[in-house]
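4 protein chains.
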Amino acid sequence: MSKGKVCLAYSGGLDTSVILAWLLEEGYEVIAFLANIGQEEDFEAAEKKALAIGATKFVVVDVRKEFVEQVCFPAIQTNAIYENVYLLGTSLARPVIAQAQIKVAEENGCFAVSHGCTGKGNDQVRFELSFYALKPDVVVIAPWRDPKFFNRFAGRNDLLEYSASKNIPVAQTKAKPWSTDENLAHISFEAGILENPDTTPPKDMWKLTVDPTDAPDVPEQFSVVFEKGLPVKLVLDGGKKVVTEPVELFLEANALARRNGVGRIDIVENRFIGIKSRGCYETPGLTILRTAHVDIEGLTLDREVRALRDQFVTSSYSKILYNGMYFTPEGEYIRSMIAPSQKTVNGTVRAAAYKGSVTILGRSSETEKLYDETESSMDELTGFSPEDTSGFIAVQAIRIKKYGEAAREKGETLSL
Amino acid sequence: MSKGKVCLAYSGGLDTSVILAWLLEEGYEVIAFLANIGQEEDFEAAEKKALAIGATKFVVVDVRKEFVEQVCFPAIQTNAIYENVYLLGTSLARPVIAQAQIKVAEENGCFAVSHGCTGKGNDQVRFELSFYALKPDVVVIAPWRDPKFFNRFAGRNDLLEYSASKNIPVAQTKAKPWSTDENLAHISFEAGILENPDTTPPKDMWKLTVDPTDAPDVPEQFSVVFEKGLPVKLVLDGGKKVVTEPVELFLEANALARRNGVGRIDIVENRFIGIKSRGCYETPGLTILRTAHVDIEGLTLDREVRALRDQFVTSSYSKILYNGMYFTPEGEYIRSMIAPSQKTVNGTVRAAAYKGSVTILGRSSETEKLYDETESSMDELTGFSPEDTSGFIAVQAIRIKKYGEAAREKGETLSL
Amino acid sequence: MSKGKVCLAYSGGLDTSVILAWLLEEGYEVIAFLANIGQEEDFEAAEKKALAIGATKFVVVDVRKEFVEQVCFPAIQTNAIYENVYLLGTSLARPVIAQAQIKVAEENGCFAVSHGCTGKGNDQVRFELSFYALKPDVVVIAPWRDPKFFNRFAGRNDLLEYSASKNIPVAQTKAKPWSTDENLAHISFEAGILENPDTTPPKDMWKLTVDPTDAPDVPEQFSVVFEKGLPVKLVLDGGKKVVTEPVELFLEANALARRNGVGRIDIVENRFIGIKSRGCYETPGLTILRTAHVDIEGLTLDREVRALRDQFVTSSYSKILYNGMYFTPEGEYIRSMIAPSQKTVNGTVRAAAYKGSVTILGRSSETEKLYDETESSMDELTGFSPEDTSGFIAVQAIRIKKYGEAAREKGETLSL
Amino acid sequence: MSKGKVCLAYSGGLDTSVILAWLLEEGYEVIAFLANIGQEEDFEAAEKKALAIGATKFVVVDVRKEFVEQVCFPAIQTNAIYENVYLLGTSLARPVIAQAQIKVAEENGCFAVSHGCTGKGNDQVRFELSFYALKPDVVVIAPWRDPKFFNRFAGRNDLLEYSASKNIPVAQTKAKPWSTDENLAHISFEAGILENPDTTPPKDMWKLTVDPTDAPDVPEQFSVVFEKGLPVKLVLDGGKKVVTEPVELFLEANALARRNGVGRIDIVENRFIGIKSRGCYETPGLTILRTAHVDIEGLTLDREVRALRDQFVTSSYSKILYNGMYFTPEGEYIRSMIAPSQKTVNGTVRAAAYKGSVTILGRSSETEKLYDETESSMDELTGFSPEDTSGFIAVQAIRIKKYGEAAREKGETLSL
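Residue numbers (the working numbering), protein chains in the order written: chain X, 2 to 417; chain P, 2 to 417; chain D, 2 to 417; chain V, 2 to 417.
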């Protein structure tokens, strides 16, 4: 008699295969779930394996479109970035996968969901907080935090032996000395040899981008058209290739960045649980689109709106995403602030990718007139009286003169 | 009978030469002042010319050391950046020059200071607010905002004719189709053909860096050692070249970046006076040192201190610098927050410069132990119970479950 | 031949009467405009006087309803407050009046608008920035900043003499030794004897509230019902009096506060132009409604939404209002953040007003369930495992133990 | 054979008496610790009881002076406040008590500390995070989170029965229907009948202040002198009573507030662990001193320093205190920002307390000249040209006119 149905996030790899078998052993019925979020994966092999181990059912859900449109694009609109460097590639995927998994769980009458995340990482938090928001009564089974499980499977050998005992086929490829997580927007590399933060990642680790030294010797020009802050057109090959459908555009941006070695990151970051952790990431297309977006905002976004958005929305939303707080009141609140900030972000950025970097070549907007060539010209007086600036400075100086006078009176000298 | 002594910031160029002559014509005695802040300049020629035109005295002040140590280095410590892109190269120089000019003015009994800044830019504001703080009773003569002056000299031809009439020698080199401002840390290019924000800067405009396509084909490795957030050692050539003296280190970082094409920026930014303006900048060494500093903070700075510093100090200080508010109560206040944030920022960053980009290769710290390889390892349980994370998540989930429940009760569906 | 039509904000007082006459003398045709924003005013007398002096037309616009609904209510929703104390009573009125004045100007073919604000205050800025946003090509005539005017009318006597010469009737009541500005929400007192910040305002200065010592000896209970953060019902007299229409509700809140001496403020504040200024204010109803709103948010608003709103929206919007930036991109942007923050702010606050203070007696919400009596009870374990908190604390402690260890290692002692 | 020495925070009440006995039963040796932080307490009775139950030693530490000087005064300097209302009275005490307890633990060779906090509150977090920072290797025994304990003592009856069985004397006074926590600065009331947020606290609950309706019928005037933001002198009785010693001053402020009914708060707040909770607080003296401090900052603090301090330091520090993060890197960092903000906060505030409220009567400063009566006067032109403001407005308007023009061009109408 089953203890009930569990929907397990199943990748086909060693860990989740062992978890699947163990859940069955524990008396649960298991629905294996696998999100297609653009990772390189043999979905058929995973299905075959899951069913062979004993899953009642194997469900793949293609979430690529909503991943790009609902999550990656708003991230571009906010210039989301964590600790100055990380473009949040993994964080962005988690709420999308969690939502699909909960849907599968509900459709299949599962009372619980399970995952193979370790007990020290961010992903367990991101998944579970999303689960709880979407289905507050769900039970979460996290084997790597359950002493019954983690004490039994203390090392890789225990997993391998258990697999053998259960006739679970194990890939014969040698395990890489790091872990990865991949989706349409990015791949992460961490753990293993990367745990020494002074170890330079080996050249053959990187997967989604060519090594900058191997990239073409000629900069590749392209342009991105934005409407309300969303990339709506990517133009390549001097206009010969034009893509507009969101997923296609995103994939094309990935390919462009990949061949030019753009989007690699190496960082020691602060995990939500308070541990520092070293991660290497490739985020090809997102890097290019974000860079272009930052630039077009220069031309089209009001200074004060930008300042408020930068200080408030960008930093808050990045932290919310990183900490797995997508489905929260504050996540919803901050997302409501994105569209109103992007009303005027309309225009075209021309840029070039070259051996690891992206360079802006120019930008224009047909509809937005905040930039005024004549007005900004130092040589022109049109519509602007230089004497006004004297008044502006004089008023700014009121407070500052007082500061200088107070210092003088107290015998202090202001200096650098 | 003189109307009094004026200390004029004199560059030797057409504008300030005309201003010098005009001030004399207006009845002032003029002390010509020129700061050596690392720009490429023929100081002797400038002196000769100033005296020839009629300046009472010509004073050069070498401010390079204080520029690097008092202003550029704290900017690195705060990761200062304006509107995501601009490293504030011009802004950083202004308070240094202003302080030197006021000192010269006071030593020479000048009641007024004068400059050749236009009436639409940031620099007039930056200079004058510094003047007023340092010497609240100073009089500022800003000819380009004085109708008597700007109506008389409406175009370049008027300046040239006036120069001829006054026997002021004019350089026969053709004027560049843009303006520049240069110092030890950076050069700016703006105005002229750059006023069209969609015009790609010509290759021969750039001055402080080689074109990335012309840079060496092999990445150049280097390392930077930080103490309390300050770069104290730059190691090049596989250890063969080591520099530690601040100015020397800065110059060496410049040279490293220059030969690898690192530090170019092209931006449409928001000036303090509310106009958008297009600027192209080269900030070679600062780009490299800032990148390394951001990285070492990942290893050595507490998460929450970093978050507070990023959201509060970095953004506020960048705006303060950009708007010329260096010598203000808030400038002083924010600067008091730099050192306390950098106590633990001690360590070494290894990186490589290559054709326009800087890549981090690894980092280490002998003294700071915030990063703990064993602890962050996904495979280790040392000093950390995975069950603790269950409690952590459960507590985080209290508020979030309520959010999900409220949505369910109101018949709403949470979704991406 | 007229130099064109000017729409003058006309109060009927000495200053604007002189301005009206002066504008006519200068050759303009004048449309006199007076907003009814709830101030105590003899509108008929003003009309008679304006026409007698020579205005072509006199237009009163009743803006009370939009003042309350469009501006005061959102201010309550954001708990707007400037420098911890000032409830922005004057600031709130300015965009409402400016919008009405521009409408009158446009309907009457005026190329210019004019006002009687002095050159050192906030109101000139608030009015004019609103004018320029609503009608960018409008000309603003600000006599108190025009040397032609202010040099001629250097003191009150000059105004009186000019009035006499123009047969402008002047009220025989002795001028008060301070200035006031009044509207439905508040009255301000400043200048005159109040300029000494250590002078206690005389008891008979206050106008909209009774002196707390003269207020009833028994606390007066009332309750306010909020929907989406808006006050939708005010209940008085133990339920005998219930008001729901916004303006009526606001007026009733004013009356309630008035008779209980609630809403007086005395502050030295920082004006936008950088001068410090002393102001005394009465904001009766707004004080009561804001206090109740702050309280109901405690019961119904998510912690993180509240924290984000407090740190960014409240402070930014208060500054935007104070500085007259209502009709700006950032004003529009921040206002878009109000409604999304108030979705759950539904409930009832019971309170009492008594001799100058407002005391909360209790609060409840039928629809919002964020507060859970059982759960928050220290005696109950329902739905909550105390061991979870151990995990929560353990994870929070990871980072903090490191801090303690680092201090110990470096021989430092952490202490208060 | 003992399992080692535990330092227990012992109050003499039922809970910690049972915990003491239980710890002994579990095989620990117990050092009973009691901080004198100004609460009403029978220290001798507690000592007698602790020793009778079996404590090895009873140690009282008087922390009143450091509580006032090291923690309460900096809270005044930052105007610390949580969720607009709560003055953090309990939060302020926790790090002081924790520091004393760790000192006692170390001096007595204890490997562990223990406390009687429940598993749902803030105080467990505040104590334990402080313990871990001050002594990272300390073991914390939290019986109310230990199933062995809380399952055994499920209700008050279990505690009473156990007390009887151990011959622990129990006070015969009937338990109040709420819990309290008291110190020199404040008392809190929560739980019990207060858990219904709509229940008005009974009049006899309040302890540290008289009911406003019972307070004197005449406002009581007083003045507070601040130096660098610290209250250094409190003047009462028209100058007849002057106190300057910090603790004495604080106690006198308490007495002043108490007799005038000042300092009561009733709030639903958000606990760190994500639960909402209703609390009633009395914070008499702190309310008065904070109100005066806010006022003197108006006169003496630069606008921009104040704005930065308000938006970042006040809100961050309040949250840090509330969440028990005093001894953390961010706590240390934020505290380093207090003194630099208070350099100019020197002056005297005159005020009156009356039936629950505090009213400012005036303020002055002999040393600070930021406020300039002449300058702020609307009637004076000294040192200020009204035309400057025209320039100031014109420059501010550049951006805003563009906003209006863009709206017009797009056929939109800006409106309230």
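Glycine included, C-beta positions come from ideal geometry on N, C-alpha and C.
All values derive from a computational prediction rather than experimental measurement.
Asked: Members of the region 189–202 of chain P that neighbour chain V once the beta carbon cut-off is set at 9 Å; Found: none
Asked: Cut-off 8 Å between Cβ atoms - residues of its own chain near residue 98 of chain X, not counting five sequence neighbours on either side; Found: 10, 36, 38, 64 and 128
Asked: C-alpha gap between residue 57 of chain V and residue 31 of chain V, whole angstroms; Found: 6 Å
Asked: Whole-angstrom C-beta distance between residue 283 of chain D and residue 231 of chain D, which should lie under 8 Å; Found: 23 Å between Cβ atoms; not a contact.
Asked: Simplified DSSP state of residue 176 of chain D, which is helix, strand or coil; Found: coil
Asked: Simplified DSSP state of residue 416 of chain V, which is helix, strand or coil; Found: coil
Asked: Same chain, Cβ closer than 7 Å to residue 207 of chain D, five either side skipped, listed in chain order; Found: 265 and 283
Asked: Neighbour flag for residue 337 of chain X against chain D, beta carbons, 8 Å; Found: yes
Asked: N-terminal and C-terminal residue of the beta strand (DSSP E) that residue 277 of chain P is part of; Found: 277–283
Asked: Residue 255 of chain D at chain V interface by Cβ criterion, 8 Å; Found: no
Asked: Neighbour list for residue 365 of chain V in chain D, Cβ cutoff strictly below 8 Å; Found: 198 and 199
Asked: Bridge partners - residue 266 of chain V, DSSP secondary structure assignment; Found: V:282
Asked: Min CB distance residue 134 of chain V to chain X below 8 Å; Found: no
Asked: Residue 197 of chain D, buried or exposed, once every other Cβ within 10 Å from all chains shown has been counted against 16; Found: exposed
Asked: Span separating the alpha-carbon of residue 74 of chain D from that of residue 61 of chain X; Found: 50 Å
Asked: Members of the region 351–365 of chain P that neighbour chain X once the beta carbon cut-off is set at 8 Å; Found: 351, 355, 356, 357, 358, 360, 361, 362, 363, 364 and 365
Asked: Residue range of the beta strand (DSSP E) that includes residue 9 of chain X; Found: 6–10
Asked: Contact under 8 Å by Cβ, residue 51 of chain D with residue 33 of chain D; Found: yes
Asked: Through-space distance from residue 89 of chain P to residue 322 of chain P, alpha-carbon basis; Found: 7 Å
Asked: At least three beta-carbon pairs within less than 8 Å, the region 187–206 of chain P to the region 273–283 of chain P; Found: yes
Asked: Three CB pairs or more closer than 8 Å across the region 342–352 of chain X and the region 213–233 of chain X; Found: yes
Asked: Nearest-angstrom Cβ-Cβ length linking residue 29 of chain X and residue 5 of chain X, presumed shorter than 8 Å; Found: 6 Å
Asked: C-beta contact flag for residue 219 of chain V and residue 357 of chain V at 8 Å; Found: no
Asked: Proximal residues, the region 111–132 of chain D versus chain V, C-beta separation under 8 Å; Found: 119, 120, 121, 122, 125, 126, 129 and 130
Asked: Under the three-state DSSP convention, the category residue 55 of chain D falls into; Found: coil
Asked: Segment contact flag, the region 294–314 of chain V with the region 334–345 of chain V, C-beta cutoff 8 Å, min 3 pairs; Found: yes
Asked: Proximal residues to residue 92 of chain D (C-beta, below 6 Å), its chain only, five neighbours per side dropped; Found: 322 and 323
Asked: Assigned exposure category for residue 178 of chain X - 16 Cβ within 10 Å defines buried; Found: exposed
Asked: For residue 113 of chain V, the residue or residues it bridges with in DSSP; Found: V:7 and V:140
Asked: Beta-carbon contacts of residue 259 of chain D that lie in its chain and below 8 Å, excluding the five residues immediately before and after; Found: 209, 210, 211 and 285
Asked: Pairwise C-alpha distance: residue 102 of chain P and residue 138 of chain P; Found: 15 Å
Asked: According to DSSP, residues forming a beta bridge with residue 222 of chain V; Found: V:353
Asked: Beta strand (DSSP E) segment containing residue 243 of chain P, residue limits; Found: 242–244
Asked: C-beta atoms of residue 355 of chain X and residue 261 of chain X nearer than 8 Å; Found: yes
Asked: Spatially closest choice to residue 410 of chain X from P:146, P:41 and P:136, by CA coordinates; Found: P:136
Asked: Closest by C-alpha distance to residue 369 of chain P, when choosing among D:403, D:245 and D:94; Found: D:403
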